[in-house]
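The structure under discussion appears below in the form of structure tokens.
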Amino acid sequence: MAMWHLECRNVYELNAWQKADAFSTLLHDVCRDLDLGRDKEWLIYLLQQAGPRMREAVEKGWNREHLAECLFGISEALTFLALIDYYLLFLRHAGYLTGERADEVDGRLRELQDELAALAGRVREALRACPEDSLSSSLWHGTSPRGDVISDSDATGGLFVC
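Residue numbering for the sequence shown follows my numbering, beginning at 494 and increasing consecutively.
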């Protein structure tokens with residue numbers, strides 16, 4: 494299994510984690526502002542649990558030793574986003590989440606889904622480029638094993654070869 498080294502990898506600098514953190518905060522604020530009544534408190538609870546767990550999945554995956562575990566963490570975060578999307582869709586159709594706030598949450602959710610999907614794709618690309626090599630942190634911050642410059646700040650997010 495491909496391994497990567499932990500040196501020089503700070504998940505808090507990763508665009509995907511920053512967007513996950515901001516979305517988790519937005520979701521918390523939305524839940525705080527919702528008044529669903531006693532019969533739907535469970536829905537707020539599920540949203541409040543899913544937001545931080547999605548962010549933690551990105552963080553834990555990024556900080557794992559093996560590349561496959563990183564991909565698993567990203568996949569887990571995307572699964573949490575799918576659940577959040579389902580809950581928010583219910584709230585929107587039931588009339589609890591409306592207008593600009595609903596559009597903001599939906600837009601940020603889509604941006605984060607795209608960011609995480611792009612990151613997973615780039616991690617898989619990197620694995621395919623050097624499947625037998627140990628993947629060092631240089632792959633995530635600086636240069637690839639082939640000497641290409643790598644960044645995580647392109648328009649689609651994630652990692653890309655310049």
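Just so it is clear, CB atoms sit at the ideal spot from N, CA and C, and this is done for glycine as well. These numbers were taken from a predicted model, which means no experiment stands behind them.
Close beta carbons around residue i, own chain, < 7 Å, minus the five adjacent residues each side
i: Tyr589; result: Leu527 and Leu529
i: Lys512; result: Glu604, Leu605 and Glu608
i: Arg546; result: Phe573
i: Cys524; result: Ile537, Leu540 and Gln541
Option nearest residue i by Cα separation, candidates the options
i: Gln542; options: Ser568, Ile577, Asn508 and Asp532; result: Ile577
i: Ile537; options: Phe583, Arg621 and Val616; result: Phe583
i: Thr518; options: Ala587, Phe565, Arg601 and Ala561; result: Arg601
i: Lys553; options: Gly544, Glu569, Leu539 and Leu540; result: Glu569
i: Phe516; options: Arg531, Asp532, Lys533 and Glu549; result: Glu549
i: Val598; options: Ala613, Leu520 and Asn508; result: Leu520
i: Val504; options: Asn556, Val523, Ala575 and Leu571; result: Asn556
i: Lys533; options: Glu593, Leu560 and Leu581; result: Leu581
Outcome for residue i when other beta-carbon atoms lying within 10 angstroms are tallied against a minimum of 16
i: Ala611; result: buried
i: Trp535; result: exposed
i: Ala587; result: exposed
i: Arg621; result: exposed
i: Gly544; result: buried
i: Ala648; result: Unreliable placement is indicated for Ala648, whose pLDDT of 44 sits below 50; no coordinate value is reported for it.
Three-state secondary structure (DSSP) of residue i
i: His634; result: Low confidence applies to His634: its pLDDT is 43, below 50, so where it sits in the model is not reliable enough to give any reading.
i: Ser627; result: Note on Ser627: pLDDT 47, under 50, position unreliable in the model; the coordinate value appears next. Note: Ser627 maps to coil in three-state DSSP.
i: Gly592; result: helix
i: Ala587; result: coil
Short CB-CB distance (under 9 Å) between residue i and chain B
i: Gln541; result: Of the protein chains in this structure there is only one, and it is not chain B.
Residues of its chain near residue i, where Cβ-Cβ distance is below 6 Å and the 5 sequence neighbours each way are ignored
i: Ala595; result: Arg585
Neighbourhood of residue i by C-beta distance below 8 Å, restricted to the same chain and skipping five residues each side
i: Ile567; result: Ala509, Ala550, Val551, Gly554, Leu609, Leu612, Ala613 and Val616
i: Glu562; result: Gly554
Review point. Fully enclosed by the stretch 495 to 581, which alpha helix (DSSP H) runs are 4 residues long or longer?
Key: 508 to 526 and 534 to 555
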